[in-house]
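Visitor: Protein chains in written order, with the numbering used here: chain A, 186 to 525; chain B, 186 to 525.
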DNA sequence: CTGTTAGCGCATTCAC
DNA sequence: GTGAATGCGCTAACAG
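1) Between which two residues does the beta strand (DSSP E) containing residue 288 of chain A stretch?
2) Measuring straight from C-alpha to C-alpha, what distance separates residue 262 of chain A and residue 318 of chain A?
3) Does chain A have any CB closer than 7 Å to the CB of residue 491 of chain B?
4) Quick one: is residue 515 of chain A buried, meaning 16 or more other Cβ sit within 10 Å of its Cβ, or exposed?
5) Should the stretch 362 to 378 of chain A be regarded as contacting the stretch 220 to 235 of chain B, the criterion being three or more beta carbon pairs within less than 8 Å?
6) For residue 241 of chain B, go through chain A and note every residue whose CB falls closer than 7 Å to its CB, in chain order.
7) Would you mind stating whether residue 367 of chain A and residue 400 of chain A have Cβ atoms separated by less than 7 Å?
8) Provide the residue(s) that pair with residue 411 of chain B in DSSP beta bridges, ordered along the chain.
9) Taking contact to mean at least 3 C-beta pairs separated by less than 8 Å, is the stretch 355 to 362 of chain B in contact with the stretch 505 to 520 of chain B?
10) For residue 266 of chain A, which option in B:487, B:508, B:493 has the closest C-alpha, if you only look at C-alpha atoms?
11) Please list, in chain order, all residues of the same chain as residue 254 of chain A whose beta carbon is under 6 Å from its beta carbon, the five residues on each side excluded.
12) Mapping the DSSP letters down to three states, classify residue 211 of chain B as helix, strand or coil.
13) Output the residue ranges of the alpha helix (DSSP H) runs that lie fully inside the stretch 421 to 509 of chain A and measure 4 residues or longer, sorted by chain position.
14) Say whether chain A places a C-beta atom closer than 7 Å to the C-beta of residue 136 of chain B.
15) Alpha carbon to alpha carbon, what distance is there between residue 453 of chain B and residue 463 of chain A?
16) Given that a residue counts as buried once 16 or more other Cβ atoms are within 10 Å of its Cβ, and exposed if not, what is residue 429 of chain B?
17) Please report how far the alpha carbon of residue 139 of chain A lies from the alpha carbon of residue 434 of chain B, in whole angstroms.
18) Could you tell me whether any Cβ in chain A is nearer than 7 Å to the Cβ of residue 274 of chain B?
19) Can you give me, in chain order, the residues of the stretch 424 to 445 of chain B that have a beta carbon less than 8 Å from any beta carbon in chain A?
20) Taking residue 468 of chain B as the reference, which of B:252, B:324, B:521 has the closest Cα?
21) Checking the sheet assignment: what are the DSSP bridge partners for residue 521 of chain B?
22) Roughly how many whole angstroms lie between the Cα atoms of residue 269 of chain B and residue 257 of chain B?
23) Is it the case that the Cβ atoms of residue 497 of chain B and residue 274 of chain B are separated by a distance below 7 Å?
24) Verify the CB distance criterion: does residue 187 of chain A have a CB-CB separation below 7 Å to chain B?
25) Got a sec: which bits of the stretch 494 to 514 of chain A sit with their beta carbon under 9 Å from any beta carbon on chain B, in order along the chain?
26) Between which two residues does the alpha helix (DSSP H) containing residue 282 of chain B stretch?
27) Determine whether the beta carbon atoms of residue 414 of chain B and residue 451 of chain B lie at a separation below 7 Å.
28) Does any residue of chain A have a CB that is nearer than 7 Å to the CB of residue 452 of chain B?
29) What number of angstroms, rounded off, separates the C-alpha of residue 364 of chain A from the C-alpha of residue 472 of chain A?
30) Terminal residues of the continuous beta strand (DSSP E) containing residue 348 of chain B?
31) Tell whether a beta-carbon distance below 7 Å holds between residue 438 of chain B and residue 377 of chain B.
32) Take residue 212 of chain B and list the residues in its own chain whose beta-carbon comes closer than 7 Å to its own, dropping the five residues that flank it on each side.
33) Check the C-beta distance from residue 315 of chain B over to residue 493 of chain B and give it rounded, since I have them as a contact under 8 Å.
34) With H, G and I counted as helix, E and B as strand and the rest as coil, what does DSSP make of residue 361 of chain A?
35) With residue 337 of chain B as the anchor, note down where its beta strand (DSSP E) starts and where it stops.
36) Taking residue 344 of chain B as the query, report the chain A residues whose CB atoms sit under 7 Å from its CB, ordered along the chain.
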C-alpha cells in the first residue's frame, strides 16, 4: 500500500512533481481540481499522490492564498456543562457544512483567561469566533485583539462592542415558569439565581420579579439568592430558605447547576417536603426519572450553537448589513412528573 | 487605545519594523524574547507592537520554524455524550499546560467520517491526535494518512496498528458490578450490552459472563441483548426481558445510554417492579436523585482525557520507548440509593 | 495546457 | 547587537 521511503520527512508537492517530471504548479492544479489541465495529466498526478501518500499542507496553502482558514474558534466556560457541550455540537454541525473545523477554548469563567484564549485563536488564524462570554463587559473583544475577526456571542448580548449574538429567552422563559408556579397556588417562591452581573442572571431574575409583580406578590428578599451557578452553592442556599419559619413552597432555579443543587437540598428532607415544587431553567437528562416532579424551561442548546455558527458564516460569504443582529431562541415549559 | 489606521488589512512584522526604522528581524527577536538584542530596542519594539495592535501570525511562524504547531486533534463520536465532553475537558487541561489548543472532530460513529476527519486534521498540521475510534479495526489510522502524526486511542486498544492507548477497566468493572448483583441474591440478571464488535462491548460482556460463570449461573440468552448504545434500543430490549415469563430480577447495563433506557423501561411499571435492581457502567449525574436505586461502575472520564493527552506530549518532548504503551483507568463501584 | 517568477509572514543562518 | 539573504510549502499572476 505505502511506498513512502522516508516516513520521517513529510512529502511536499515538489516531491510529487519531481517523480512525475512536472512542475509543482501542475500538481497544485490537479490537487485542487482546478480547470486548465489535461485530463490524463491530472490522473497521473492523483495516482502518484495516492501511491506515495502525499498530503497537502493546508497551512502553507492558506498562507499563500490568503483565503479563509476554515477554522472557527469556540470559547466556552466549561465544556463539562451539558449546555456548552451541546452548543459545541451545534457549532460543529454547521462548520462541517462549510468545510470548517472547530478549535476549542475553555475559560473557566475567568475573563482574563477569555482574553488570552481569544488572542491565541486570532493569532492562529481562526476565521471567526463563537464566544460564550465569561464576564458582563465585552469591550476586550472589540479592539485590536481581534484583528478584524468576526465574533458571535452566545447566551449574552454584546456590551461595549457591536457584534451579532444568539440569546435564549431568559426573561420570558423564567417568567412563564414562575407564572406556572403561581397558577398552581404558590405564593412563597424561592429563587436560586445567578449573579446580577451576568446577563442570564439578570434576565432570569427579571422574569421572576415580573411574574411576582403581575400576580401582586411582594418579593421577599429571604427567598432570593443570587450566586454563582454551582450546585453546591445552590444547595446551601436552598437549605437556608427551607429552614426559614415560613419556608417557600416552591423553588425556581436559574440554571441546570442550581436545579441540581435544589434537588439535592430536598433529597434528605422528611416526606412532607415532597410538597415543595421545583421549576428550573435548562432541561436535565433523566428529569422524568427523578424522585421529585420537576418543571423546566426547555430549549435546544444545539440550536443555539447552530444559529451562532450560521451568523458567523453568513458574514463571511454574503454581504450582510453591518448592523449587529440578534437572534433569540424561544423556550418551552416542560413538565416532568415523577414516575408512576 | 487603537491607532490602527487600516482595520481591514492585518498588520505584519514589516509594518512594525518600518515604523520603527528597524529590520523585521529585530521585531521578531523582540517578540520572542530572544536574547541578543538591546534592552532599549526591545522595549521600543514591544511598545510599538502594543500601540498599533500588531498580532503575530502563528501559522507563518510555524511554517518557517518547522516547530510543533501546538495543536492537538480530538476525534470523538458524539460530544453530546457526557463521557466524551468530559474526556475533552481532560484533553484540553493537559494541552493548555503545553501551550496547545484542541481541534474538535465528531464522527457520529461512522468509520468513514473518522478517516476524513483524521486526514483533514493531519493536513491542518496537528501535532498529535486523541481518537475515540468509531470502529473496531484501526488500520486506517496507521498508513500514510497520518503522515507520522502520533495517535493515542481512548477507550479502545489499537487493532491493526501500534499506538498508545488509554483504557477503562471495562472487564473488571462490569465483573465487579455483576458480582455485586449476585451477592445481593440475584440469579436472573439481564444484560443490556453493546455490539460485540466494539472493544468496550466485548469486554463488558466478558465481565458479565465471567461473573455468572464464577457463581455457577448458566447464561440465559433471553437475558442478553447486545445492541448499539442508544437509550431507545435499550429501553425496548429491557421491556422485552421484563415481559418474559421469568423476567430478570436485575439489569446490568453496559453504558450510560443503556442505563437510561433501562430506567425508562422500569419507569411505568407497576409498583412491584421496584424490586428490580439496576447496575450500569458509567456514572450518571443525579443518579442519587432517581426514583430507583442505581449502582454504577464509576470512573473519571476527565482523567481518561488527561492521560491520553499526556501520552501524546510525552512522545513529543522526551524520547519514550517506541513500544506502544497502554494505561488502564480503574473503576469503582458506587451505590446510589434512592432518596429517603 | 503547462511552466516560471514571485511572495504570503515569518524565522533560520549567516554576515557585519 | 543588528541586518540581509534565503526558504518553509504552497499558490497568484503572468508567461509561453
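Built from N, CA and C at the ideal position, the CB exists for glycine as well.
Guide: In short:
1) 286 to 291
2) 8 Å
3) no
4) exposed
5) no
6) 308
7) yes
8) B:378
9) yes
10) B:487
11) 247, 310, 312
12) helix
13) 441 to 452, 486 to 502
14) Shown here, chain B extends from 186 to 525; a query on residue 136 of chain B therefore has no answer.
15) 22 Å
16) exposed
17) Only positions 186 to 525 of chain A appear in the structure, and residue 139 of chain A is not among them; the question remains open.
18) yes
19) 445
20) B:521
21) B:479
22) 16 Å
23) no
24) Confidence in residue 187 of chain A is poor, its pLDDT being 38 and thus under 50, which makes the residue's placement too unreliable to answer from.
25) none
26) 267 to 282
27) no
28) yes
29) 21 Å
30) First-last for residue 348 of chain B: undefined, no H or E at that position.
31) yes
32) 198, 201, 202, 230
33) 5 Å
34) helix
35) 336 to 339
36) The contacting residues do not exist; residue 344 of chain B stays about 17 Å from chain A at best.
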